[in-house]
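Asker: After the structure tokens below, expect a handful of questions from me.
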């Protein structure tokens with residue numbers, strides 16, 4: 001994912017926010033339209049957060065392809081239960 005995609009998602013989120021505000025200021029707001037816009041805004045925000053977190057994880061957790069023991073970016077589970085010392 002590129003920064004252009006992140007920028008496009010942020011612009012889409014801002015446009016949805018403006019549409020919601022405009023509809024809420026109407027003399028007779030369409031509550032169904034507002035609900036749909038809010039769901040779209042939420043989905044856009046979630047996509048934006050997901051892309052940003054993937055981008056950050058990609059930088060900090062590089063996988064070395066030649067190392068067979070390093071097959072995933074997730075750390076191996078510990079043998080001890082949390083709280084055991």
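In UniProt numbering, the protein residues as written are 1 to 85.
Ideal placement from N, C-alpha and C gives every residue a C-beta, glycine not left out.
Note that this is a predicted model, so its numbers are computed, not measured.
Ordered along the chain, which non-local residues of its own chain (more than five positions away) have a Cβ less than 8 Å from that of residue 9?
Answerer: Correct list, in chain order: 44, 47, 48, 51.
Asker: So, under 8 Å CB-CB, residue 87 and residue 41 are touching, yes? Tell me the CB distance rounded to an integer number of Å.
Answerer: Nothing about residue 87 can be read from this structure; the chain reaches only from 1 to 85.
Asker: In angstroms, rounded to a whole number, what distance separates the CA positions of residue 56 and residue 23?
Answerer: For residue 56 and residue 23, the distance between alpha carbons rounds to 35 Å.
Asker: Do residue 39 and residue 20 count as a contact pair if the criterion is CB distance below 8 Å?
Answerer: Cβ distance not < 8 Å, so residue 20 and residue 39 don't count as in contact.
Asker: Which first and last residues belong to the alpha helix (DSSP H) in which residue 22 is found?
Answerer: From DSSP, the alpha helix (DSSP H) with residue 22 extends over 3 to 24.
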